[in-house]
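Residue numbers (the working numbering): 9 to 183.
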């Protein structure tokens, strides 16, 4: 090795040692005074969950507001009949049997819910505000699978089925 290369190598090694010493002392100083910069990751809750403790009217208003933020699009009622309803894990909860308007004027989707991929289901009323459409299936955005299990079987004689050519608005979903 030439004398010039030896000088450059020893200078580079001294620079590395100095940099390590400076960073070690800076780390020790930071540990004594606390961190200078703190980075945190935002925890974004799943779409729509966390409204269970509010009153029913406030909950419905929150569902309507969330639906409006999901860019509701017009869809023909007849196109919804027979579509699968899936949860956020892409498991089938049931299939759309009917779309009705309640005596209060709210639109509900009657889903034949079953734990076995939608087969041999019982009818469960699902508010239109808690689902979104994604391709050729509906996604249950604000109604977890446990709510389907605990929901009573639907048998509302006051609700009127919507005609298959009626147009309603349904939120968009993305997975």
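Note that the Cβ used here is the ideal one computed from N, Cα and C, for glycine as well.
Every value quoted in this text rests on a predicted model; they were computed, and no experiment measured them.
If you draw a straight line from the C-alpha of residue 116 to the C-alpha of residue 97, how long is it? 23 Å
Between the alpha carbons of residue 63 and residue 130, how many angstroms are there, rounded? Here residue 63 scores only 48 on pLDDT, less than 50, and its place in the model should not be relied on; the value that follows carries that caveat. C-alpha separation (whole angstroms): 27 Å.
Nearest to residue 178 (by Cα), restricted to the options 145, 152, 102: 145
Simplified DSSP assignment, three categories, for residue 117: strand
For residue 169, which residues in the same chain have their Cβ closer than 6 Å to its Cβ, ignoring the five residues on either side in sequence? 106, 108
Could you say which of 148, 132, 133 lies nearest to residue 139 if we only look at CA atoms? 148
Over the uninterrupted alpha helix (DSSP H) stretch that includes residue 87, give me the two end residues. 85-88
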